[in-house]
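In the working numbering, the protein residues as written are -16 to 385.
Note that CB positions come from ideal geometry on N, CA and C, so glycine has one too.
All of these numbers come straight from a predicted model, not from anything done at the bench.
Below is one structure, written out as structure tokens; comments come after it.
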């Protein structure tokens, strides 16, 4: 291996290490993502609501149209009520289908549903326009946690976006009083896309930021592990058949795989960021494959420093190891990209586009494999005939495969 190649690999490792350390050690302030429920409930997404010290954790099951939620209201003193609602008809208070909870004087917590029909509501108990199950609430350490499952329509319209409202107010005995009509109490409205996680509210863009981080993570890993790694392998396996491409194919292969590794480390680090922000949100299989990819790829890069010369007696074993790890990386990379697409749930054309890329690469690889065997077999026949023919009889036949 040349000195320039060693320097290139050293720079690659240093850059990857810096990216990994710097991106994985950053701290973030998304309180909802740091929260773990005492009841061991785990939700797929969460949003820091911009007002009233509130947070929403949720999981949407598109197959049943069920939205599982946990609404948390912190810094809540006794003698206060809280409410969280979905408004199917508008973005305001009237028409909201609310879940109300408050601590009672005897120490228990009352939680019930209340449809809001006017601004003069006293939060009377009543049925909502959709079914609610699993309704419960706890109040500890000045924090109210409300759990519920909402049976929303499987076709939400608006791309899965719902209007949400949340509130708090004072109590008179066990009766809720009207909430304040100024300040943050009139700003606590939001739209939430239960599919993508985007939340839009006055003064807050936490959901959009989280989705952007997920998209960056997906793009980096899709391009590196899912596309560049297979292309690099194709270059190494088939370009070297042309003798004129030696040793250019090797440097192209190393550049492609090293670039994929650097981009992949950046994508892996963004995954650590997302995981660190969301200890209560777990994608175990996707995470485990990601760790395996990073570990195997790092071992593969370091193994380049131990690469024996072609004539060395251990070169065969190194080749077996190198190829085995390489093909394992490609398989795991493609599988994990599809796992990530299932988690992100983008528009269908994105998954179709990546599927098309993989199918195209597979077809190209199959055609090149057939052509490679054709060239190798024909070259061997020419070499055998050259050995048996008079000296010089085969001159001029080699260049057609060079």
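The straight-line gap separating the alpha-carbon atoms of residue 351 and residue 199 is approximately 33 Å. With a beta-carbon spacing of about 7 Å, residue 173 and residue 32 fall inside the 8 Å limit used to define contacts. Taking the Cα of residue 35 as reference, the smallest distance to any Cα among 162, 220, 122 is reached at 162. At the C-beta level, residue 143 and residue 178 come within 7 Å of one another.
Taking all protein chains in view, the Cβ of residue 86 is crowded by 16 or more other Cβ atoms within 10 Å, so the residue is classified as buried. As the crow flies, the alpha-carbon of residue 47 is around 15 Å from that of residue 41.
In terms of CA proximity to residue 170, 150 leads the group 154, 345, 150. The Cβ-Cβ distance between residue 211 and residue 316 does not fall below 7 Å.
Collapsing the DSSP output to three states places residue 19 in coil. Out of 58, 321, 236, the CA that lies nearest to the CA of residue 269 is found in 321. Just so you know, the alpha carbons of residue 63 and residue 126 end up roughly 11 Å apart.
Annotation: residue 108 to residue 66 spans about 12 Å, alpha carbon to alpha carbon. Bounds of the beta strand (DSSP E) holding residue 133 are 126 to 134. About 16 Å separates the beta carbons of residue 235 and residue 347, which is beyond the 8 Å limit, so they are not a contact pair. Look at residue 371 here: in three-state DSSP terms it is helix. Take residue 253, set aside five residues on each side of it, and the residues of its chain with a beta-carbon closer than 8 Å to its own are 6, 196, 199, 200, 203, in chain order.
Taking a contact as a CB-CB distance under 8 Å, the pair residue 68 and residue 99 counts as one, their CB atoms being some 7 Å apart. Beta-bridge analysis with DSSP links residue 31 to 38. Residue 144: member of the beta strand (DSSP E) spanning 144 to 155, first to last residue. In the structure shown, residue 216 falls within a helical segment according to DSSP collapsed to helix, strand and coil. Here the alpha carbon of residue 232 sits roughly 54 Å from the alpha carbon of residue 20. Linking residue 367 to residue 284 through their CA atoms gives a straight-line distance of about 38 Å. By the CB criterion at 7 Å, residue 258 and residue 207 fall outside the cutoff. Residue 56 is positioned such that its CB atom lies no closer than 7 Å to that of residue 132. With a threshold of 16 other beta carbon atoms within 10 Å, residue 81 meets it and is buried. One alpha carbon belongs to residue 359, the other to residue 369, and they sit about 15 Å apart.
When beta bridges are read from the DSSP output, residue 80 appears opposite 69, 98. When DSSP reads this structure, residue 64 sits in a beta bridge with 152. Residue environment analysis places residue 342 among the exposed positions, since fewer than 16 neighbouring C-beta atoms fall within 10 angstroms of its C-beta.
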